[in-house]
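Peer 1:
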Ligand SMILES: Cc1cc2nc3c(=O)[nH]c(=O)nc-3n(C[C@H](O)[C@H](O)[C@H](O)COP(=O)(O)OP(=O)(O)OC[C@H]3O[C@@H](n4cnc5c(N)ncnc54)[C@H](O)[C@@H]3O)c2cc1C
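Numbering (the working numbering), first residue to last: 18 to 400.
(1) Say the cut is 7 Å; is the CB of residue 257 nearer than that to a heavy atom of ligand 1?
(2) I need the straight-line Cα distance from residue 27 to residue 108, nearest angstrom please.
(3) Spatial neighbours of residue 110 within its chain, please: C-beta separation below 6 Å, excluding the five flanking residues on both sides.
(4) Round the Cβ separation of residue 313 and residue 300 to the nearest angstrom and send it over; I've been treating them as touching at under 8 Å.
(5) Which value, in whole angstroms, describes the spacing of the CA atoms of residue 289 and residue 296?
(6) Check for me: the alpha helix (DSSP H) holding residue 159 runs from which residue to which?
(7) Is any heavy atom of ligand 1 found at a distance shorter than 7 Å from the C-beta of residue 366?
(8) In the structure shown, what three-state DSSP assignment does residue 330 receive?
(9) Return the residue from the list 115, 222, 48 that minimises the CA-CA distance to residue 243.
(10) As a quick exercise: from 251, 113, 44, pick the residue whose alpha carbon is nearest that of residue 284.
(11) Quick one: what's got a C-beta closer than 6 Å to residue 173's C-beta in the same chain, skipping five residues either side?
(12) Excluding sequence positions up to five away, which residues of its chain have a Cβ less than 7 Å from the Cβ of residue 359?
(13) Measure the beta-carbon distance from residue 75 to residue 298 and round it to whole angstroms, keeping in mind my assumption that it falls under 8 Å.
(14) If distances are taken between C-alpha atoms only, which option among 212, 167, 192 comes closest to residue 307?
(15) Going by other Cβ atoms of all chains shown within 10 Å of its Cβ, with 16 needed for buried, is residue 253 buried or exposed?
(16) With the cut-off set at 8 Å, would you say residue 34 and residue 386 are in Cβ contact?
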């Protein structure tokens with residue numbers, strides 16, 4: 018029997034789940050508080066320069082998941098794109114992630130891979146047997162010089178605290194390469210949608226059984242009007258922040274324009290703590306197949322998220338996880354709501370993981386509907 022479902026959020030989570038249910042014959046309403054679809058992946062052409070701007074920060078699509086890759090290619094033409102990031106640190110420009118070029122340039126050496134491994138082992142602080150903090154982890158594996166230049170200042174600016182206060186898990190595998198590969202991601206599939214993410218998500222939402230309402234913030238009481246709700250907004254927001262606010266970092270993007278090519282690459286990090294921003298992105302380099310004289314740039318500054326700011330990165334330290342556990346318990350008492358996506362589950366999720374989880378959530382709903390069983394509050398445990 019056809020059901021009427023509400024998707025709160027027209028980002029990837031709401032769009033992908035909504036599309037699957039619509040194709041199975043259900044009636045779908047998608048609402049978003051914002052004036053556009055696409056959620057945080059939203060892209061928009063700048064009227065003056067024609068540059069495709071990644072409005073909520075740069076988004077590069079990368080995945081090992083063949084089903085997800087096939088899925089996005091159904092709705093957008095993808096162009097090849099390699100994310101090659103540079104960093105300005107202590108008065109010089111280096112290549113990231115730290116690779117053989119970075120090491121040789123930084124230490125004024127001409128080391129081959131095996132020599133570089135031995136060289137870095139000589140720098141590492143082997144007295145740290147079981148690294149507990151981000152700082153110990155970095156010192157244990159790359160030593161003080163590379164830590165200071167490439168990890169310390171950036172991390173302080175990004176997280177607003179000392180690396181010695183952050184868990185080692187943030188730096189689980191130190192991204193150091195003993196070759197000249199400067200492709201930022203390891204994944205098999207990588208690319209950019211030719212016409213941006215918003216066009217792709219609009220196409221996912223383009224189905225006869227889907228109705229989209231923009232500029233429509235909703236709250237918990239709407240749930241009674243629908244057979245089921247998939248909620249991709251902040252989990253604490255659904256409950257009116259009754260147990261407090263989960264901590265996030267937000268980002269300020271200071272836009273500036275330029276005639277020509279400002280920095281010669283899409284992303285330039287700034288490792289020094291004295292520079293207030295973490296990176297500058299030059300959006301036209303995300304679409305190297307296009308040609309624009311004008312340029313749009315974002316200086317990115319990270320800070321604590323206030324009640325009126327956009328939540329970007331969940332903090333997920335001990336205090337936040339404890340509050341999250343209480344919200345998860347409340348969510349478990351809802352009868353027709355499933356919490357999905359980066360905000361609904363309070364996790365950092367790349368786009369491919371978001372799509373994977375949305376496909377799985379959609380399938381779980383179709384199975385439950387067929388069997389007449391209840392749909393759980395979560396299809397992925399947030400804790
Ligand atoms: C700075 C930054 C850079 C990133 N870069 C990459 C990258 O390079 N590659 C990558 O794979 N991933 C990247 N990501 C991750 C990517 O943004 C997410 O995977 C994706 O946005 C998750 O989609 P979502 O639908 O779960 O959430 P969102 O995109 O946040 O969508 C949720 C939507 O719900 C709406 N909403 C919330 N509450 C309500 C309400 N009460 N009523 C109505 N509407 C509501 C919001 O307005 C929003 O549009 C990045 C994330 C950040 C923060």
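Just so it is clear, CB atoms sit at the ideal spot from N, CA and C, and this is done for glycine as well.
Peer 2: So, from the data block:
(1) Taking the first residue of the chain shown as position 1, residue 257 is located at position 240. Outside the cutoff, so no.
(2) What you label residue 27 is simply residue 10 of the chain shown in a count that begins at 1. What you label residue 108 is simply residue 91 of the chain shown in a count that begins at 1. Roughly 43 Å separates the two Cα atoms.
(3) Taking the chain shown and counting its residues from 1, one reaches residue 110 at position 93. Taken in chain order, the residues that qualify are 103.
(4) Sequence index remark: in the chain shown, residue 313 carries index 296 (1-based). Sequence index remark: in the chain shown, residue 300 carries index 283 (1-based). Confirmed, Cβ separation roughly 5 Å.
(5) For the purposes of this step, residue 289 is taken as the residue at position 272 of the chain shown. For the purposes of this step, residue 296 is taken as the residue at position 279 of the chain shown. One C-alpha to the other measures close to 11 Å.
(6) In the chain shown, residue 159 corresponds to position 142, counting from 1. Its alpha helix (DSSP H) spans residues 151-163.
(7) Position 349 of the chain shown, counting from 1, holds the residue named residue 366. Taking 7 Å as the cut-off, one finds at least one heavy atom of ligand 1 near enough to the beta carbon of residue 366.
(8) Here residue 330 corresponds to residue number 313 of the chain shown, with the count starting at 1. It is a strand residue.
(9) As a first step, residue 243 must be located in the chain shown, where it is residue number 226. That would be 48, whose Cα lies nearest to the Cα of residue 243.
(10) On the chain shown, residue 284 is found 267 positions in, with the first residue counted as 1. Minimum Cα distance to residue 284 is reached at 113.
(11) Along the chain shown, one-based indexing puts residue 173 at 156. Answer for residue 173: 290, listed in chain order.
(12) Residue 359 sits at position 342 when you count from the first residue of the chain shown. Within the same chain, residue 359 has close Cβ partners 365, 366, 371.
(13) Your numbering for residue 75 matches position 58 in the chain shown. Your numbering for residue 298 matches position 281 in the chain shown. Confirmed, about 5 Å.
(14) Sequence index remark: in the chain shown, residue 307 carries index 290 (1-based). Nearest C-alpha to residue 307: 212.
(15) Position 236 of the chain shown, counted from the first residue, corresponds to residue 253. Answer is buried; the Cβ neighbour count reaches 16.
(16) Within the chain shown, the letter at position 17 stands for residue 34. Within the chain shown, the letter at position 369 stands for residue 386. No, Cβ-Cβ distance for residue 34 and residue 386 is not below 8 Å.
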